[in-house]
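Chemist: So that we are looking at the same thing, I have put the structure below in C-alpha cells.
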Amino acid sequence: DGGITQSPKYLFRKEGQNVTLSCEQNLNHDAMYWYRQDPGQGLRLIYYSQIVNDFQKGDIAEGYSVSREKKESFPLTVTSAQKNPTAFYLCASSIGSTGADEQYFGPGTRLTVT
Amino acid sequence: GQNIDQPTEMTATEGAIVQINCTYQTSGFNGLFWYQQHAGEAPTFLSYNVLDGLEEKGRFSSFLSRSKGYSYLLLKELQMKDSASYLCAVRPNYGQNFVFGPGTRLSVLP
Chain A
2 DGGITQSPKY
12 LFRKEGQNVT
22 LSCEQNLNHD
32 AMYWYRQDPG
42 QGLRLIYYSQ
52 IVNDFQKGDI
62 AEGYSVSREK
72 KESFPLTVTS
82 AQKNPTAFYL
92 CASSIGSTGA
102 DEQYFGPGTR
112 LTVT
Chain B
28 GQNIDQPTEM
38 TATEGAIVQI
48 NCTYQTSGFN
58 GLFWYQQHAG
68 EAPTFLSYNV
78 LDGLEEKGRF
88 SSFLSRSKGY
98 SYLLLKELQM
108 KDSASYLCAV
118 RPNYGQNFVF
128 GPGTRLSVLP
C-alpha cells in the first residue's frame, strides 16, 4: 500500500531538548512538506523540498531544520531555539507538478514540550 | 504578504446545502485547493481550481473567481460525516509553497 507515514503519533519532550520527527513516503513523490497546526488554526508551512538534497524555508522556519538525503524521507528537527514547539506537525508529499498538485498528508505527530 | 480568509464556524442541517467561502489576497495565483480535515486527523484533498468557474465532483463543487480573489466550496445533501474543518489553500506561484487559510469548522446537525 502506498502512503506517507509519520512517527511517533505522540511525542513528549523536555524544554531545551532537540527532537526529530520522522516522515517517510513510498509514493515516489518528488515534493515533501512540513506543516505546523495550532488549535483552531490552519496549516503553516515550515519547510518544503522539491527534490532530493534541496529544501526551502516556509513561513515559520525559525527554530526548525530539515534534511532530504533520500527521496522517501524528510525528517524535521525541532530545536531548542523554537520558542513554542508544542503543536500538531503534519508532513505531506506531492508529485511536484505545477498543476493540480494534490498533497497527501501523513497522520501527524502531536508534540508536547514541557 | 499572503492572506486567506474563511469563516471560522458554520452549522447546517443533515440533507441541506452549505456554501463555505474563501477569499484570498496573494502575491500571485497558480491554483486554489480545498481540503477536508476531520478532528485529529490529516487533511484529505477535495478539489482544485485554477480557471474561473465551477468544478463539480459528486456532492462537492468548488467555484473560483480569480478577478475577485474568491472561491467557495458547495456541499450538497449534507451527511453527518461531513462534520469537519474545510481548508482553503492557494499556491501563489509555480513553486511548491502553499498558503493555507485558517479553516472553517462545519457542524452538521440531525
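One line per chain: the protein sequences are A and B, in this order. Just so we're aligned, residue 2 is where the first sequence starts under our numbering, counting upward by one. Just so we're aligned, residue 28 is where the second sequence starts under our numbering, counting upward by one. Every residue gets a Cβ at the ideal spot worked out from N, C-alpha and C, and that includes glycine.
(1) Excluding the five sequence neighbours on either side, which residues of its own chain have a C-beta within less than 8 Å of the C-beta of Phe-125 of chain B, listed in chain order?
(2) Please classify Asp-39 of chain A as buried or exposed, where buried requires at least 16 neighbouring CB atoms within 10 angstroms.
(3) When the cut-off is 7 Å and only beta carbons count, does Phe-21 of chain B lie next to chain A?
(4) Can you pull the chain A neighbours of Pro-70 of chain B, defined as C-beta to C-beta under 7 Å?
(5) Note down, one range per segment and in chain order, each beta strand (DSSP E) of at least 3 residues found wholly within the stretch 77–107 of chain B.
(6) Mark Gly-130 of chain B as exposed unless 16 or more other C-beta atoms lie within 10 angstroms of its C-beta, in which case mark it buried.
(7) Per DSSP, Lys-58 of chain A forms a beta bridge with which residues?
(8) Does the CB of Gly-4 of chain A have a neighbour CB from chain B at under 7 Å?
(9) Could you spell out where the beta strand (DSSP E) holding Val-53 of chain A opens and where it closes?
(10) Expressed to the nearest angstrom, what Euclidean distance is found between the alpha-carbon atoms of Leu-112 of chain A and Glu-70 of chain A?
(11) What is the residue span of the beta strand (DSSP E) that Asp-39 of chain A lies within?
(12) Just the chain D side, please: which residues come within less than 8 Å of Gln-51 of chain A by C-beta, in chain order?
(13) Leaving aside the five residues before and after Glu-25 of chain A along the sequence, list all residues of the same chain whose C-beta is less than 6 Å from its C-beta, in chain order.
(14) Where does Tyr-113 of chain B land, buried or exposed, given buried means 16+ other C-beta within 10 angstroms?
(15) Comparing C-alpha positions only, which one of A:Leu-46, A:Asn-19, A:Ala-101 sits nearest to Lys-84 of chain A?
(16) Under 7 Å between C-beta atoms, does Glu-25 of chain A make it to chain B?
(17) In this structure, what does DSSP give as the bridge partners for Arg-132 of chain B?
Modeler: Taking the geometry as given:
(1) Phe-60, Ala-116, Val-117, Arg-118
(2) exposed
(3) Nothing about residue 21 of chain B can be reported from this structure: the residues present for chain B run from 28 to 137 only.
(4) Phe-106
(5) 80–84, 87–92, 97–102
(6) buried
(7) A:Tyr-48
(8) no
(9) Taken as a continuous stretch (DSSP letters only), Val-53 of chain A belongs to no beta strand (DSSP E), as it is neither H nor E.
(10) 24 Å
(11) That residue, Asp-39 of chain A, is in no beta strand (DSSP E); it is neither H nor E in DSSP.
(12) Looking for chain D here will not work: the only protein chains present are A and B.
(13) Thr-6, Glu-73, Ser-74
(14) buried
(15) A:Asn-19
(16) no
(17) B:Glu-36, B:Ser-112
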